[in-house]
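With numbering that gives the first Met the number 0 applied, the sequence shown has no gaps in its numbers, which climb one by one up to 216 at the end. A virtual CB, placed ideally from N, CA and C, is assigned to each residue, including glycine.
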Amino acid sequence: MEKTSTTCQSRTMLNMSTFPQCNGITGSKYREWVSKTVCRIRRQTFQLNGPDAATLTVGVLEDTKCSPADLNAWGKFFLPTTVQMQVVGYVKGTPYPCDQLVLMTCEDKNFYGYDGDELHLVAPSLEHLCRAGIDYPASRSFYRGEAFKDTPTEEWEELMKSPRGKKLDQEHHELVSKYKESFLRNLRIGAAKRRCHQQHGPHLSDAMLTQLQNSEA
0 MEKTSTTCQS
10 RTMLNMSTFP
20 QCNGITGSKY
30 REWVSKTVCR
40 IRRQTFQLNG
50 PDAATLTVGV
60 LEDTKCSPAD
70 LNAWGKFFLP
80 TTVQMQVVGY
90 VKGTPYPCDQ
100 LVLMTCEDKN
110 FYGYDGDELH
120 LVAPSLEHLC
130 RAGIDYPASR
140 SFYRGEAFKD
150 TPTEEWEELM
160 KSPRGKKLDQ
170 EHHELVSKYK
180 ESFLRNLRIG
190 AAKRRCHQQH
200 GPHLSDAMLT
210 QLQNSEA
């Protein structure tokens, strides 16, 4: 359930040309700027320039379908280096196999989208996000645990015995249990979208997307 805030109000659909810019801020100050900006314009919805009909609703983690455990995993278990992710909001109306692509950024200033399974690099900068929208397909995608793919066997065994490794294993089982049905549903929706894209071209109407989602509910 989405939480309400007395300091952050809903707004009408806006153009991404009006989205705040960070003006060269980097590192931890960049994340602080993102956090403050998200709160200031929370629940405002922006029309992205791509894909067609995609919209970004600015929000915090609690406004999405994800949990603090997911946020922890995004920063530790997907990318080659550990980062601190800052949720920006969620995107709807994309070809990704989910009805809500959770959008986030970190110290590298890239923007990532989480579809419930993989973490996708969808924009290399805020400027790109505002000008072009999010990329599909993503320039790169990361699976849960990819951060450890090059770890030698001996180190991996030691890692899995450590508190961090046990936490990874526990969170993996919890994630599979929690999202099993939604994973399967999103896979079906994704397959149906691909079939429709092949039959009708890259742009699907809102009515067609709604029909797809309802048919897989």
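Around Arg139, the same chain offers His119 and Leu120 as residues with beta carbons nearer than 8 Å, after the five sequence neighbours per side are excluded. Nearest C-alpha to Lys91 among Glu157, Leu55, Asn109 and Ala68: Leu55.
Counting the other CB atoms within 10 Å of its CB gives Lys35 a total below 16, which places it among the exposed residues. Looking at Pro19, Phe147 and Leu47, the one whose alpha-carbon comes closest to that of Pro79 is Phe147. Contact annotation: Tyr135 and Pro50 have beta-carbon atoms nearer than 8 Å. If you draw a straight line from the Cα of Ala191 to the Cα of Met84, it is about 31 Å long. About 13 Å separates the beta carbon of Val101 from that of Val37, a gap too long to meet the 8 Å contact definition.
Gly115 counts as buried, since at least 16 other C-beta atoms from the protein chains shown sit within 10 angstroms of its C-beta. For Lys91, the enclosing beta strand (DSSP E) covers residues Gln85 to Lys91. Per DSSP, Arg39 has no beta bridge partner at all. Under DSSP, the beta-bridge partners assigned to Leu102 are Gly88 and Gly112. With a 10 Å radius around the Cβ and a threshold of 16 neighbouring Cβ atoms, Asn22 comes out exposed. In the DSSP assignment, the residues bridged to Thr44 are Thr56.
The beta carbon of Glu156 is closer than 7 Å to none in its chain, skipping five residues each way along the sequence.
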